[in-house]
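J.:
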Amino acid sequence: MLRFLASCMVLAISGTLNAQHLRNFYNRVGGSGIDVGHNIVVLPNNDIACAGTSSSFGSGQSDAYLVVFDSLGNEKWSKTFGGSLAEQIYDFKYNPLDSCFILVGYSSSN
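And the structure:
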């Protein structure tokens, strides 16, 4: 059986309209399963948060996944969310007033 591997990739690019864009960093998050990034948000402190779905980590068929990188591309922390079935994050926002993430997605677990 053919195994498919997809990764949540974070690519930070900076530049101006008159200058060539420079790649600041490139980072892959994932494992041996199917991992898909759905949204990326730059936080007020310039950290970068990426949310998606992973079948490489967690305990279910697929789990929602949130990872935060510093501005240099180093992983600061990550968290999986889910039960025994499938979970997914479609979108998320960061609320700087209370430093929390608001996640939107679905869960097929009880």
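For the sequence shown, this note's numbering gives the first residue as -14, with consecutive numbering after it.
All residues carry an ideal CB built from backbone N, CA and C; glycine is no exception.
Since this is a predicted model, take the numbers as computed values, not measurements.
Just mark E72 as buried or exposed, buried being the case when its beta carbon has 16 or more other beta carbons within 10 Å.
T.: Classified as buried, E72 has 16 or more neighbouring CB atoms from the shown chains inside 10 Å of its CB.
J.: Near L(-10), which residues of its chain fall below 6 Å by C-beta distance, leaving aside the five closest residues on each side in sequence?
T.: Confidence at L(-10) is low in this model, with a pLDDT of 34, below 50, so its placement is unreliable and the value that follows should be read with caution. The answer is none, since no qualifying residue turns up.
J.: Going by other Cβ atoms of all chains shown within 10 Å of its Cβ, with 16 needed for buried, is D48 buried or exposed?
T.: Its Cβ being crowded by 16 or more others within 10 Å, D48 is buried.
J.: When DSSP builds the beta bridges, which residues end up paired with G37?
T.: G22, Y50
J.: If you count every other CB in all the chains shown that lies within 10 Å of the CB of Y91, and 16 or more means buried, which is it?
T.: exposed
J.: Classify D76 as helix, strand or coil using the three-state DSSP reduction.
T.: strand
J.: Could you say which of F66, D32, N30, S40 lies nearest to S17 if we only look at CA atoms?
T.: S40
J.: Can you tell me whether M(-14) is helix, strand or coil according to DSSP?
T.: Confidence is the limiting factor: at M(-14) the pLDDT is only 28, short of 50, which leaves the residue's position unreliable and the question unanswerable from this model.
J.: For I87, does the count of other Cβ atoms within 10 angstroms reach 16, so buried, or fall short, so exposed?
T.: exposed
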